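Reading through the structure tokens given below for one structure.
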Amino acid sequence: MKRSKKATIRLVLNAWRDRGWRDQEDAALAVVERLAERRRYDQSLVDAVPRGFLDRNGTTRDDVKDELSRVLGEIEIDESSAVAVEPNRLKIVFFAANPRDQVQLRLDEEAREVEQRLRATDHRDVIDFATRWAVRPADLIEALNQERPQIIHFSGHGSQTEALAFQDDFGGTKIVTKEALAGMIHTFSDEVRLVLFNNCFSEAHAQEAVKHIEAAIGMNDSISDNAARIFAANFYAALGYGRSVQNGFEQAKAALMLESIPEERTPQLFTRSNMDPSILVLVEAE
Numbered sequence: 002m003k004r005s006k007k008a009t010i011r012l013v014l015n016a017w018r019d020r021g022w023r024d025q026e027d028a029a030l031a032v033v034e035r036l037a038e039r040r041r042y043d044q045s046l047v048d049a050v051p052r053g054f055l056d057r058n059g060t061t062r063d064d065v066k067d068e069l070s071r072v073l074g075e076i077e078i079d080e081s082s083a084v085a086v087e088p089n090r091l092k093i094v095f096f097a098a099n100p101r102d103q104v105q106l107r108l109d110e111e112a113r114e115v116e117q118r119l120r121a122t123d124h125r126d127v128i129d130f131a132t133r134w135a136v137r138p139a140d141l142i143e144a145l146n147q148e149r150p151q152i153i154h155f156s157g158h159g160s161q162t163e164a165l166a167f168q169d170d171f172g173g174t175k176i177v178t179k180e181a182l183a184g185m186i187h188t189f190s191d192e193v194r195l196v197l198f199n200n201c202f203s204e205a206h207a208q209e210a211v212k213h214i215e216a217a218i219g220m221n222d223s224i225s226d227n228a229a230r231i232f233a234a235n236f237y238a239a240l241g242y243g244r245s246v247q248n249g250f251e252q253a254k255a256a257l258m259l260e261s262i263p264e265e266r267t268p269q270l271f272t273r274s275n276m277d278p279s280i281l282v283l284v285e286a287e
């Protein structure tokens, strides 16, 4: 099976994430470069993995060999489709829905502050922030196919019936269940790593999402405009400085307390059963 270097690196990184391994040494890039030289999988690919990767992740070359043989055993690099590789690039897609028949939210202010805070971070050059407005359910899949993000952000109304409010063709409310959204997220789980449901009563959506991806954040109660804006901006800023998901979550809650907004207990972080959010870093130094 022929694959480009970029697609092959993605396969390796996804396999390592499933094992909870961090790649701060660009080991996946080294492995794929060796595969391109050798044309097919052999033991030298395992030897290309730096000792620092093994030590950092508490694993062995035998474990790495098992993963690489499973993922790369039938793959050949197609040099004709090779492209520049950016394994640590991060894209966030911000979906905003503000139906006309609901109380109007200041979603534009939330998006603006998130983008401003990201632009000030250490890793701003490898973070892309895309926004989609007046989102209808039918818009979601096409947008995700076009953008191919690692983080999905939902902003808008939620309800105590565990549904999120999107817009219909006339600007009114169209409800989407947690099962429907989780089913969609599952189809993009090869690239999506985290979803932030910045909607009231969205905790159940986050719990459903982590059946398919590494981490999700949802709200266990209603959340005010100000709290949603401050939480999101500080969470993404922390990620942009290379902090872990757990640390970013704690920083965002601390920011609410510093602003005397008594909603720090509303956001809830969930992860897949084998994932430690304190080592889950979504953007790292090259």
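Residue numbers 2 to 287, in the working numbering, belong to the letters of the sequence shown in order.
A virtual CB, placed ideally from N, CA and C, is assigned to each residue, including glycine.
For clarity, every value in this text was computed on a predicted model and none was experimentally measured.
Residue interval of the alpha helix (DSSP H) (run including residue i)
i: residue 258; result: 246-259
i: residue 188; result: 179-188
i: residue 138; result: 138-148
i: residue 283; result: Note, residue 283: premise wrong, no alpha helix (DSSP H); not H, not E.
i: residue 10; result: 6-19
i: residue 39; result: 28-39
Inter-residue spacing [alpha-carbon to alpha-carbon] between residue i and residue j
i: residue 280; j: residue 171; result: 44 Å
i: residue 106; j: residue 157; result: 7 Å
i: residue 162; j: residue 169; result: 19 Å
i: residue 13; j: residue 78; result: 13 Å
i: residue 46; j: residue 24; result: 15 Å
i: residue 91; j: residue 164; result: 28 Å
i: residue 51; j: residue 70; result: 17 Å
i: residue 1; j: residue 263; result: It is not possible to answer for residue 1, since the shown part of the chain is limited to 2 through 287.
i: residue 183; j: residue 155; result: 13 Å
i: residue 86; j: residue 36; result: Per-residue confidence for residue 86 stands at a pLDDT of 41, beneath the threshold of 50, marking its modelled position as unreliable; no derived number is given.
i: residue 111; j: residue 256; result: 15 Å
i: residue 84; j: residue 30; result: Confidence at residue 84 is low in this model, with a pLDDT of 42, below 50, so its placement is unreliable and the value that follows should be read with caution. Each residue's Cα considered, the two are about 13 Å apart.
i: residue 64; j: residue 99; result: 48 Å
i: residue 145; j: residue 153; result: 9 Å
i: residue 258; j: residue 104; result: 26 Å
i: residue 128; j: residue 137; result: 25 Å
i: residue 188; j: residue 245; result: 25 Å
i: residue 41; j: residue 28; result: 17 Å
i: residue 8; j: residue 76; result: 11 Å
i: residue 208; j: residue 160; result: 16 Å
i: residue 44; j: residue 66; result: 8 Å
i: residue 39; j: residue 5; result: 15 Å
Residue i, enclosing beta strand (DSSP E) - first and last residue
i: residue 45; result: Premise fails: residue 45 lies in the alpha helix (DSSP H), 44-48, not in any beta strand (DSSP E).
i: residue 272; result: 268-272
i: residue 135; result: Counting along the chain, residue 135 falls outside any beta strand (DSSP E), and DSSP gives it neither H nor E.
i: residue 211; result: Per DSSP, residue 211 belongs to no beta strand (DSSP E) and is neither H nor E.
Coarse secondary structure for residue i, derived from DSSP in three states
i: residue 156; result: strand
i: residue 51; result: coil
i: residue 232; result: helix
i: residue 128; result: strand
i: residue 168; result: strand
i: residue 227; result: helix
i: residue 196; result: strand
i: residue 219; result: strand
i: residue 277; result: coil
Nearest-angstrom beta carbon gap, residue j and residue i [assumed within contact, 8 Å]
i: residue 203; j: residue 220; result: 5 Å
i: residue 166; j: residue 178; result: The pair is not a contact, with the Cβ atoms about 12 Å apart (cut-off 8 Å).
i: residue 21; j: residue 275; result: 6 Å
i: residue 238; j: residue 122; result: 6 Å
i: residue 217; j: residue 196; result: 5 Å
i: residue 32; j: residue 49; result: 5 Å
i: residue 215; j: residue 18; result: 6 Å
i: residue 94; j: residue 150; result: 4 Å
i: residue 62; j: residue 55; result: 7 Å
i: residue 193; j: residue 240; result: Wrong, their Cβ atoms sit about 15 Å apart, outside the cutoff.
i: residue 130; j: residue 143; result: The pair is not a contact, with the Cβ atoms about 19 Å apart (cut-off 8 Å).
i: residue 26; j: residue 53; result: 5 Å
Proximity test, residue i beta-carbon vs the ligand ATP heavy atom, cut-off 7 Å
i: residue 244; result: Because no ligand of any kind appears in the structure shown, any question about the ligand ATP cannot be addressed here.
Secondary structure, beta strand (DSSP E): runs of 3+ residues fully inside the segment 66-123
91-97
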